[in-house]
Amino acid sequence: MKIKSLKITDFKPIKNLELNNLGEIVIIAGANGSGKTRLKQAIVQSLQSTPIMDMVIEASRKEEEDPKYFNGLHLEVKKGQPNQLLNNYINSRKYGSGRYVGSLVQIDSSRSIQTLKYNPVNWLGGDPDDTESPSNFYFNPFSNRWQDFVNYIHQKSASRDKKLADELKKNPSTGEDIIKRNPDPLEKYKNIFEDLLPGKKLLDIDPAQPKEFQYQDESGQTLNFRSLSSGEQEVIKVLFDVARKEIKHSIILVDEPELHLHPTLTFKLIEALKAIGEHTNQFIFLTHSADLISTYYSTGNVFFIDSVQTGANQAHRLSDLNHSHHEVVQLIGQNLGLFAVGKKLVFIEGENSSIDRLTYHTISQTIDKELKITPIGSVLNLMTLNKIEEQIRNTIFGIDIFMIRDRDGLDNNQIDVIEKSGRVKCLKRRHIENYFLDEEVLFMVAEQLYLTRMNPTLTIEYIKNETKRIAKESINFNLFKNAKDYLSLNYHLKHPKVKKVEVKTINEIKKEIIEGVQTNLNSLSNELDTSKISEWLNKEEENLVKMLDSDEWINNFQGKLIFTKVCADVLKGDALRVKQAYVDIALDRKPSAIQDLLDIFNAIK
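When you read off a place in the sequence shown, starting at 1, and then add 23, the result is the number in our numbering.
What follows is the structure, encoded as structure tokens:
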């Protein structure tokens with residue numbers, strides 16, 4: 024059997040939740056408190072007593088279509104209405120010989136095991152698999168089942184030893200055949216152990232002396248089971264538990280499969296679970312794992328439980344996201360899991376290794392610890408994301424997405440258009456580095472990093488003057504960069520190339536820009552010609568000089584270049600170390616130096 028659809032209402036904290044067209048692998052995500060565990064409890068309760076949800080159960084084998092069970096391909100269950108057909112079916116699940124077919128298995132998130140009690144084996148007690156297990160065997164908590172398992176496997180081994188001895192007494196000449204008919208019950212667990220933990224080997228047990236499992240590591244050393252990592256122990260315990268019985272055509276609920284596990288071990292666990300029962304089981308994973316969500320979301324069976332109780336369906340299918348923007352969807356795909364566990368995402372320009380990520384993260388955490396900073400590469404990717412962010416939010420529901428970008432080449436009108444939706448925030452200064460030029464904070468950084476000891480001339484006034492000098496010397500570079508941005512953003516013109524800008528005069532730079540424009544006039548808009556670009560360059564030069572006089576340069580000059588030179592030539596310190604220290608000191612001692620950045624995150628909060 025498998026669950027085809029379900030609907031649960033007024034089961035706190037769930038108000039209204041519907042899941043439809045469920046497949047064999049179902050991922051259900053949501054923030055803490057959204058109702059994942061309560062949903063699991065509701066499924067378990069509905070299958071073993073009076074239903075507390077509407078549910079459609081689908082037959083997965085011929086026996087279930089019998090009139091005394093499902094009476095067809097589907098069985099409809101209604102909230103509050105005892106279903107005799109379902110009760111008959113569940114109670115008919117009498118499991119002997121290690122079988123477990125057509126029922127429910129729950130693996131709850133509480134999997135920590137206290138001190139185990141090893142019972143002495145009963146040599147006359149027989150094979151524990153020869154007795155029937157109760158129909159709700161796997162409904163019970165996992166921790167109780169593990170206590171039962173360690174005693175079961177010793178009793179099972181003792182039973183095998185007795186069978187071998189009894190048969191050998193009757194037929195002493197057929198010992199080899201007797202062993203084949205009575206295989207070692209530990210053998211399948213040994214195989215599981217070695218598959219999951221390559222290089223490690225589970226050792227035989229002595230049923231006469233029940234005790235903790237032991238294994239041999241890569242070096243041949245014998246160690247106790249508890250010396251495995253907590254993640255390794257957990258995976259082995261879960262798989263030994265479900266391998267105990269031949270589980271087929273069942274619903275397997277796993278709460279937080281990633282608990283205590285490295286992502287690689289999580290996937291090993293899930294792949295091993297999926298292989299159980301010849302792939303006839305339905306798995307429902309309730310998870311916080313971004314890796315799992317991101318891996319499976321495109322299958323169409325990843326759902327997010329929205330904690331906002333508006334009365335509408337709180338369950339949303341992530342794969343409804345339109346994939347018409349493949350490149351950006353791929354870039355953010357790794358973060359879909361973060362959306363689904365309740366994070367607010369702020370996308371920024373830059374790569375994963377960018378120090379900007381740490382800078383923004385440090386600042387954001389003083390405002391809202393739920394914010395997650397995620398670099399997305401170029402500003403083009405950022406603006407493409409801006410075009411589809413509403414679609415993403417409507418698909419993933421209740422999750423806020425924001426973007427922060429530099430203001431390179433943008434005028435006030437362009438910024439107003441970009442920020443209109445409220446989702447994109449433009450820096451008020453050209454680059455984030457423009458906020459790292461406050462002379463007082465830089466001096467405090469120099470003191471903290473002991474740069475003042477190596478350079479006694481460092482004072483607040485000295486840093487201020489030297490920073491201004493570097494800014495003045497960068498006018499040529501600023502003019503070139505501004506012209507490049509102006510042409511690219513306003514005329515879609517491939518910008519002219521000027522080599523070795525730093526060693527050329529400003530007139531030489533102007534000349535090469537004009538010549539570069541001239542060579543592209545055939546493809547250029549009629550709105551632009553060489554005389555117009557010449558006029559723009561002259562005005563831009565005047566603007567840059569005026570900015571130096573008014574200190575407006577700190578907002579509009581190329582902050583990346585200036586900051587780098589200040590670190591190298593003035594502070595004589597590593598730029599990354601300076602930037603990290605700068606943020607911490609500014610937050611603690613002079614937040615006004617980065618007030619614009621704080622304002623952005625306060626607006627996002």
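Cβ coordinates follow ideal geometry from the N, Cα and C atoms, glycine included.
Your pair LEU465 and LEU368 does not check out as a contact, with CB atoms roughly 32 angstroms apart and the cut at 8 angstroms. For PHE580, there is no enclosing beta strand (DSSP E), as DSSP gives it neither H nor E.
Straight through space, the alpha carbons of ASP379 and LYS527 are spaced by roughly 31 angstroms. Inclusion of ASN578 and ASN457 in the CB contact set at 9 angstroms is warranted, their separation being smaller than that value. If you draw a straight line from the Cα of SER135 to the Cα of HIS272, it is about 28 angstroms long.
The region 34–76 is shown to contain whole alpha helix (DSSP H) runs of 4 or more residues at 59–71, in chain order. Secondary structure note for ILE537: it is in no beta strand (DSSP E), and the uninterrupted alpha helix (DSSP H) holding it is 529–541. Cβ neighbours of ASN145 within its own chain (closer than 8 angstroms, five residues either side excluded): GLN178, ALA181. The closest CA to that of LEU70, considering only ASP152, ILE386, PHE160, is found on PHE160.
With 16 or more other Cβ atoms inside 10 Å of its own Cβ, ASN404 counts as buried. ASN44 and TYR112 have their C-alpha atoms spaced approximately 23 angstroms apart.
By the neighbour-count criterion, in which 16 or more other beta carbons inside 10 Å mark a residue as buried, PRO74 falls on the buried side.
Closest option to ALA338, judged by alpha-carbon separation, among GLY58, ILE623, GLU564, ILE66: GLY58. Nearest neighbour of THR289 by Cα position, chosen from ASN205, LEU108, VAL261, GLU301, turns out to be VAL261. The alpha-carbon of GLY243 is positioned some 38 angstroms away from that of ASN194. Excluding five sequence positions before and after LYS291, the CB atoms of its chain that fall closer than 8 angstroms to its own CB belong to LEU219, VAL258, given in chain order. It is roughly 25 angstroms from the alpha-carbon of TYR175 to the alpha-carbon of ASP240. Take GLY254, set aside five residues on each side of it, and the residues of its chain with a beta-carbon closer than 8 angstroms to its own are HIS283, LEU284, HIS285, LEU288, in chain order. For GLU210, the closest C-alpha among the options GLY198, ASP227, GLN603 is that of ASP227.
Rounded to whole angstroms, the gap between the alpha carbons of ARG430 and LEU450 is 6 angstroms. In the three-state DSSP reduction, ASN194 falls in the coil class, being neither helix nor strand. DSSP links VAL325 through a beta bridge to ILE50. In the three-state scheme derived from DSSP, where H, G and I count as helix and E and B as strand, PRO286 is classed as helix. Taking 9 angstroms as the cut-off, the beta carbon of TYR383 is found closer than this to the beta carbon of ILE455. Taken in chain order, the complete beta strand (DSSP E) segments of 3 or more residues contained in the region 453–532 number zero; there are none. Pairing ILE424 with ILE493, the inter-Cα distance amounts to about 37 angstroms. LYS297 places its beta carbon 9 angstroms or farther from that of MET467. Linking LYS25 to GLY125 through their CA atoms gives a straight-line distance of about 8 angstroms.
With a contact defined as Cβ atoms closer than 8 angstroms, PRO36 and GLY56 qualify at about 6 angstroms. In the structure shown, ARG380 falls within a helical segment according to DSSP collapsed to helix, strand and coil. Straight through space, the alpha carbons of LEU620 and LYS555 are spaced by roughly 37 angstroms.
Assignment of TYR92 by DSSP, reduced to helix, strand and coil, places it in the coil class.
A distance below 7 angstroms between beta-carbons, with the five flanking residues on each side excluded, links PHE172 to the following residues of its chain, in chain order: PHE263, ASP264, ARG267. With contacts defined as CB atoms closer than 9 angstroms, ALA616 and GLU463 qualify as a contacting pair. Annotation: PHE503 to GLU489 spans about 22 angstroms, alpha carbon to alpha carbon.
Counting the other CB atoms within 10 Å of its CB gives GLN581 a total of 16 or more, which places it among the buried residues.
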